[in-house]
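In what follows, a single structure is set out as structure tokens and then discussed.
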Amino acid sequence: MTRRTWLLFVAMSLIWGVPYLLISEAVAEVSPAVVVFARTAIGTVVLLPFAWRQLRVVWEHRWPVLAFALLEMVGPWFLLSDAERHLSSSLAGLLIAFAPVLALVIARVIGLERRIGGLRIVGLVLAVGGVAALGGGGMQASGAWPVIEMLLVAVGYAIAPQVAAAKLGGVPPLPMTAVCLTIAALLSAPFAIITWPSAMPSATAAGSLVLLGLLCTALAFLLFFRLIAEAGPARATAIAYVNPVVALALGVSLRGDPFTPLIGVGALLVLAGTFLATRRNEPSAAGARQGTEAEGAPTP
13 MTRRTWLLFV
23 AMSLIWGVPY
33 LLISEAVAEV
43 SPAVVVFART
53 AIGTVVLLPF
63 AWRQLRVVWE
73 HRWPVLAFAL
83 LEMVGPWFLL
93 SDAERHLSSS
103 LAGLLIAFAP
113 VLALVIARVI
123 GLERRIGGLR
133 IVGLVLAVGG
143 VAALGGGGMQ
153 ASGAWPVIEM
163 LLVAVGYAIA
173 PQVAAAKLGG
183 VPPLPMTAVC
193 LTIAALLSAP
203 FAIITWPSAM
213 PSATAAGSLV
223 LLGLLCTALA
233 FLLFFRLIAE
243 AGPARATAIA
253 YVNPVVALAL
263 GVSLRGDPFT
273 PLIGVGALLV
283 LAGTFLATRR
293 NEPSAAGARQ
303 GTEAEGAPTP
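If you're matching positions, the sequence shown starts at 13 in the numbering used here and goes up one per residue.
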């Protein structure tokens with residue numbers, strides 16, 4: 013990869029490690045619906061002018077695009093914002109690292125993966141053990157529901173790339189993202205209006221919402237498309253292994269999230285397990301595996 017590509021990779025790894033901290037700051041003062049509406053509305057305003065000439069292609073695939081929007085943005089961002097009212101941003105980021113593991117399992121169930129090799133099975137076991145270690149090490153949530161919400165977020169992030177691989181291969185990513193953000197903004201608007209704060213949020217909360225929309229949504233997608241174009245999708249999605257580390261570092265340093273040796277071990281197990289579980293299978297002697305393997309980095 014070129015120097016420019018490495019810079020894009022580092023930038024994306026940092027940018028998509030930040031949302032967990034920003035969401036945690038925002039939901040302390042506004043509802044999850046307001047968070048989702050603010051970031052998607054800002055993203056729509058920024059991206060739609062660049063995409064409007066290609067909207068016809070998106071319309072021709074409107075139902076798969078709607079499904080992708082619900083699975084990748086609407087559902088996960090509502091659940092993520094609600095969960096972060098009850099758990100730390102560090103734990104949220106590390107639980108999202110579980111998404112590629114779930115993607116592997118789902119791909120196997122629906123037939124996109126013909127087999128899961130021994131090394132991948134080891135990765136699955138390590139990742140599950142890492143999640144258990146995070147709880148045992150003191151990185152706990154206020155009850156089981158926030159953790160369930162985060163795992164549902166990971167499920168959405170795991171299924172959405174399968175939809176994209178099967179139904180949206182011919183749709184340009186920029187207009188598709190702009191339309192998905194528009195859908196998310198429209199769907200979240202009524203809930204945001206109902207739960208709109210009676211008082212003006214603090215500068216910290218308002219700034220977090222603006223940064224979520226501009227930096228972590230609009231700019232992030234533009235950079236991610238460029239990274240995919242320069243490095244290819246497989247290398248681009250490797251940022252999924254770095255984002256949780258950034259989220260953990262920011263949570264511990266800026267918000268005082270707990271960090272113990274067992275949490276460190278759990279984080280390493282999750283990342284190592286995810287890396288092993290999502291490695292491509294070696295081609296078998298009978299020939300190359302058929303079908304399309306969907307890979308995607310979670311978009312927090």
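We put the beta carbon where it would ideally sit given N, CA and C, even for glycine.
Whole-Å CB distance - residue i paired with residue j, under 8 Å assumed
i	j	result
phenylalanine 287	methionine 24	17 Å between Cβ atoms; not a contact.
leucine 99	serine 43	Actually they are not in contact, since the Cβ atoms of leucine 99 and serine 43 sit about 17 Å apart, beyond 8 Å.
tyrosine 32	proline 88	Not confirmed; about 13 Å, so no contact.
valine 222	glycine 29	About 18 Å separates the two Cβ atoms, so there is no contact after all.
alanine 156	valine 282	Wrong, their Cβ atoms sit about 19 Å apart, outside the cutoff.
glycine 142	alanine 259	Glycine 142 to alanine 259, Cβ: 15 Å. No contact.
leucine 164	leucine 91	5 Å
alanine 145	leucine 274	6 Å
threonine 229	isoleucine 35	With a Cβ gap of about 12 Å, threonine 229 and isoleucine 35 do not count as contacting.
leucine 60	threonine 194	7 Å
alanine 197	phenylalanine 49	6 Å
alanine 243	phenylalanine 80	That belief does not hold up - the Cβ atoms of alanine 243 and phenylalanine 80 are roughly 22 Å apart, past 8 Å.
alanine 217	alanine 45	With 8 Å as the limit, alanine 217 and alanine 45 do not qualify as a contact, their Cβ atoms being about 14 Å apart.
leucine 266	valine 86	So it is not a contact: roughly 28 Å between Cβ atoms.
Residue i, DSSP secondary structure in three states
i	result
serine 154	coil
serine 220	helix
proline 295	Reliability of the predicted coordinates at proline 295 is poor, the pLDDT of 49 falling under 50, and the value obtained from them is presented with this limitation in mind. Proline 295 falls in the coil class under three-state DSSP.
phenylalanine 21	helix
tryptophan 28	coil
glycine 268	coil
valine 117	helix
glutamate 84	helix
glycine 129	coil
threonine 286	helix
proline 312	coil
valine 254	coil
alanine 40	coil
leucine 136	helix
leucine 67	helix
alanine 300	Residue confidence is low: alanine 300 scores 40 on pLDDT, short of 50, so the model does not pin down where it sits. Its coordinate-derived value is still stated next. Of the three classes helix, strand and coil, the one that applies to alanine 300 here is coil, per DSSP.
leucine 180	coil
Residue range of the unbroken alpha helix (DSSP H) whose run includes residue i
i	result
leucine 78	74 to 81
threonine 56	44 to 63
glycine 105	101 to 108
alanine 95	87 to 95
Which residue spans inside the segment 182 to 242 form an unbroken alpha helix (DSSP H) run of at least 4? 185 to 206 and 215 to 225
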